[in-house]
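Residue numbers (our numbering): 228 to 591.
Structure follows, in structure tokens:
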């Protein structure tokens with residue numbers, strides 16, 4: 228074992244050999260894993276990512292085996308090339324998370340839970356965390372039986388945000404009944420108290436989970452397109468406000484439409500605007516731009532909320548924030564009176580401090 232080039236040649240000439248098992252019920256990828264030949268493992272997976280789902284003795288896949296030995300690097304590799312492998316179970320109905328918890332591989336368990344959080348599929352995360360083996364043990368139950376406080380705290384924190392209060396309370400009560408550790412008991416009791424309290428964050432996550440459960444990939448893309456169009460249209464409205472902007476030469480009008488509009492509102496306008504300000508009076512300005520600003524801020528924030536919160540998510544957050552700042556800056560520049568300026572600032576504060584905070588909190 229370990230002859231990398233020879234194995235590579237066999238994979239090219241006879242791909243089916245990678246699926247055959249030896250007398251111990253192990254496929255080549257299992258054997259490479261057991262013997263610590265990581266280069267061979269990487270090469271085999273790169274040639275055929277479906278090898279990650281090949282089941283060997285007792286239904287163990289390479290992902291299960293990597294979880295058992297605690298190889299975090301290979302876990303990340305397997306999940307990256309074959310995400311569906313997280314759903315595979317052994318003949319005992321154990322997921323990779325069950326195995327990591329049973330073998331006391333806390334770093335591996337943390338990596339698996341972290342990956343579930345990163346993909347943004349709350350329904351899948353909820354299903355995996357709440358799954359049971361053939362002994363009716365959840366992952367949390369196994370961590371409790373193994374007296375692993377670190378694993379228990381990790382699972383409680385993750386479950387707290389991704390399970391219904393009723394299911395969460397049931398899991399904790401079951402874990403309390405089987406624990407023999409005072410430290411773990413105290414941790415579970417604190418979690419039980421929190422589970423019975425209303426949580427805005429958990430409520431928002433549950434709503435988002437239900438929406439995404441019934442939303443296909445095509446529907447999600449359609450929503451993103453519509454939200455982007457709303458943001459673009461409202462931004463354009465700010466650059467070209469109704470009636471235009473006041474000019475240095477008040478006697479010169481740029482367009483006939485501006486002349487007509489100016490004539491229409493001239494009787495209602497009490498003071499002339501400064502150069503570069505909107506010619507709209509205070510009430511008309513707020514009547515148009517308050518809904519426009521609300522649409523713009525809501526659409527840009529919802530775009531961030533709908534997208535999965537992966538590592539690359541922060542790359543979208545920064546330009547979106549700058550986009551919002553440029554929009555508000557444009558509004559402040561054309562604002563005709565101190566009253567409209569103050570209103571814009573207050574509305575901005577409301578959007579950034581309340582829904583913005585909640586959206587960022589439950590986007591997991």
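Ideal placement from N, C-alpha and C gives every residue a C-beta, glycine not left out.
Report all residues from its chain with a CB closer than 7 angstroms to the CB of residue i; omit the five preceding and five following residues, and keep chain order.
| i | result |
| --- | --- |
| residue 325 | 360, 366 and 369 |
| residue 378 | 328, 333, 336 and 370 |
| residue 283 | 248, 252, 253, 254 and 257 |
| residue 401 | 368 |
| residue 551 | 524 and 527 |
| residue 544 | 531 |
| residue 564 | 509 |
| residue 464 | 519 |
| residue 568 | 559 and 562 |
| residue 466 | 557 |
| residue 445 | none |
One question on the structure: do residue i and residue j come within less than 8 angstroms of each other, judged by their Cβ atoms?
| i | j | result |
| --- | --- | --- |
| residue 529 | residue 575 | no |
| residue 343 | residue 330 | no |
| residue 309 | residue 280 | yes |
| residue 473 | residue 448 | no |
| residue 554 | residue 450 | no |
| residue 290 | residue 307 | no |
| residue 593 | residue 570 | Absent from the model: residue 593. The displayed extent of the chain is 228 to 591, so no value can be given. |
| residue 265 | residue 318 | no |
| residue 376 | residue 411 | yes |
| residue 559 | residue 520 | no |
| residue 312 | residue 340 | no |
| residue 322 | residue 355 | yes |
| residue 572 | residue 468 | no |
Got a sec? Which residues, its chain only, sit under 6 angstroms from residue i by beta carbon, not counting five neighbours each side?
| i | result |
| --- | --- |
| residue 374 | 408 |
| residue 301 | 293 |
| residue 338 | 299 and 302 |
| residue 566 | 509 |
| residue 522 | 457 and 461 |
| residue 320 | 360 and 361 |
| residue 578 | 524 |
What would DSSP say about residue i, mapped onto helix, strand or coil?
| i | result |
| --- | --- |
| residue 519 | helix |
| residue 385 | helix |
| residue 483 | Low per-residue confidence applies at residue 483: pLDDT is 39, beneath 50, and the placement is therefore not dependable enough to give any value. |
| residue 594 | The structure shown does not extend to residue 594, since the chain is modelled only from 228 through 591, so no value can be given for it. |
| residue 472 | strand |
| residue 358 | coil |
| residue 467 | coil |
| residue 562 | coil |
| residue 505 | strand |
| residue 287 | coil |
| residue 254 | coil |
| residue 322 | coil |
| residue 261 | helix |
| residue 574 | helix |
| residue 295 | helix |
| residue 554 | helix |
| residue 500 | Only weak support exists for where residue 500 lies, its pLDDT of 45 falling under 50; the value from the coordinates is given anyway. Coil. |
| residue 332 | coil |
| residue 337 | helix |
| residue 247 | coil |
| residue 313 | helix |
| residue 364 | coil |
| residue 374 | coil |
| residue 275 | coil |
| residue 282 | coil |
| residue 534 | coil |
| residue 346 | coil |
Could you confirm whether any beta carbon from chain C is found closer than 8 angstroms to the beta carbon of residue i?
| i | result |
| --- | --- |
| residue 566 | Among the chains in the structure shown there is no chain C, since it carries only a single protein chain. |
Among residues of its own chain, excluding the 5 on either side of residue i, which ones have a beta-carbon nearer than 8 angstroms to its beta-carbon?
| i | result |
| --- | --- |
| residue 592 | Within the shown structure, residues of the chain are numbered from 228 to 591, placing residue 592 beyond reach of any answer. |
| residue 517 | 570 and 574 |
| residue 305 | 272, 279, 289, 290, 293 and 312 |
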